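**Student:** Before anything else, here's the structure in question.
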Amino acid sequence: MKNVIIATAVAAMASTVASADIVNGDFSDGSNGWDQFGGSEGPYGVGFFGGSAAVVAYGTFGGVPNYSGYTQTLAWAGEFAEGDIINFGGEMFIEAGKELYGNNNVNVQLNFWYGGGYDYGFSIVAGTLNGDSNSNEVYGFDMDYLLDAGAATATRISLDFTYIQNDFADGVESGAAWGTNFFGSVVPAPGAMALLGMAGLASRRRRN
Numbered sequence: 002m003k004n005v006i007i008a009t010a011v012a013a014m015a016s017t018v019a020s021a022d023i024v025n026g027d028f029s030d031g032s033n034g035w036d037q038f039g040g041s042e043g044p045y046g047v048g049f050f051g052g053s054a055a056v057v058a059y060g061t062f063g064g065v066p067n068y069s070g071y072t073q074t075l076a077w078a079g080e081f082a083e084g085d086i087i088n089f090g091g092e093m094f095i096e097a098g099k100e101l102y103g104n105n106n107v108n109v110q111l112n113f114w115y116g117g118g119y120d121y122g123f124s125i126v127a128g129t130l131n132g133d134s135n136s137n138e139v140y141g142f143d144m145d146y147l148l149d150a151g152a153a154t155a156t157r158i159s160l161d162f163t164y165i166q167n168d169f170a171d172g173v174e175s176g177a178a179w180g181t182n183f184f185g186s187v188v189p190a191p192g193a194m195a196l197l198g199m200a201g202l203a204s205r206r207r208r209n
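FYI, the numbering used here numbers position 102 of the sequence shown as 103, with every residue one higher than the one before it.
Written out as structure tokens, the structure reads:
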């Protein structure tokens, strides 16, 4: 009976420690897994990132603020819990002559969505390029974010490569940024992993 109780508890916990990972972060499979929005294109084969294909995002001159880029759902409710860590990041590049104008910027970020999964809550940014960033330089970003109680109540978490157009002027280059080698994964809290370890121990004892 005790083994049944342990197994039931572990089954209930398993939904909160399910693996959640970004797929096709280097765009080697085209844009599979990603949703495109605003002024963005690709993927294209470029020489900026050591052979990885990349996508490019830019302003659309359609008012401010204006958002462009690529997004992918990392996890839905039930695939993460309070105390989990999300490791995420990616690489970005600005070509000479395409420097970001004014207060325009581009981010690698997590977006937290509530309600039915599409009500925006807040963002956690791993890295930002702006008008002060060097051109012709690859910038890499890698961040660990610990889910607190508020973040853990989100319905959905997405990883986004987002160009934010805050400024533009007629006849002036708004700027553009390339991105690739994006990654993101949910790392279960130590307590959840310990419970899964108990499951393995209980299973071995039942077989003995």
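Just so you know, even glycine gets a beta-carbon here, dropped at the ideal spot from N, CA and C. Keep in mind the model is a prediction, meaning the values are calculated, not measured.
Decide yes or no for the touch test of the segment 129–139 against the segment 52–59: beta carbon pairs closer than 8 Å, at least 3 of them.
**Tutor:** At 8 Å Cβ cutoff, the stretches do not touch.
**Student:** Between the Cα of Asn104 and those of Ala155, Thr129, Ile86, spot the shortest distance and give me the residue it belongs to.
**Tutor:** Measuring from the Cα of Asn104, the nearest candidate turns out to be Thr129.
**Student:** Going by CA-CA distance only, name the one from Gly84, Trp114, Ile86, Phe49 that's closest to Gln73.
**Tutor:** Trp114
**Student:** Which runs of the beta strand (DSSP E), 3 residues or longer, sit entirely within the segment 100–150?
**Tutor:** 106–115, 120–131, 140–147
**Student:** Can you give the Cα-Cα distance for Phe183 and Asp168, rounded to whole angstroms?
**Tutor:** 26 Å
**Student:** Apart from the five residues just before and just after Gln37, which ones in its own chain have a Cβ nearer than 6 Å to its Cβ?
**Tutor:** Tyr71
**Student:** Shortest alpha-carbon distance to Ile86 belongs to which of Asp120, Ala170, Leu148?
**Tutor:** Leu148
**Student:** Quick check on DSSP: helix, strand or coil for Glu83?
**Tutor:** If DSSP states are grouped into helix, strand and coil, Glu83 belongs with coil.
**Student:** So, Phe162 versus Gly176, is the Cβ gap smaller than 9 Å?
**Tutor:** no
**Student:** Compute the beta-carbon to beta-carbon distance between Met144 and Gly90, rounded to the nearest angstrom, for a pair I have assumed lies under 8 Å.
**Tutor:** 6 Å
**Student:** Look at Ala82 and Ile158 and say whether their C-beta atoms are less than 9 Å apart.
**Tutor:** no
**Student:** Taking Gly180 as part of the beta strand (DSSP E), name the residues at either end of that continuous run.
**Tutor:** From DSSP, the beta strand (DSSP E) with Gly180 extends over 177–188.
**Student:** Beta carbon of Tyr102, beta carbon of Gly60: below 9 Å?
**Tutor:** yes
**Student:** Can you give the Cα-Cα distance for Val188 and Ala78, rounded to whole angstroms?
**Tutor:** Whole-angstrom Cα-Cα distance: 14 Å.
**Student:** Looking at Gly231: is its Cβ nearer than 9 Å to the Cβ of Asn67?
**Tutor:** Given that the chain is displayed from residue 2 to residue 209, the structure contains no residue 231 and the question cannot be resolved.
**Student:** What did DSSP end up calling Pro66 once you bin it into helix, strand or coil?
**Tutor:** coil
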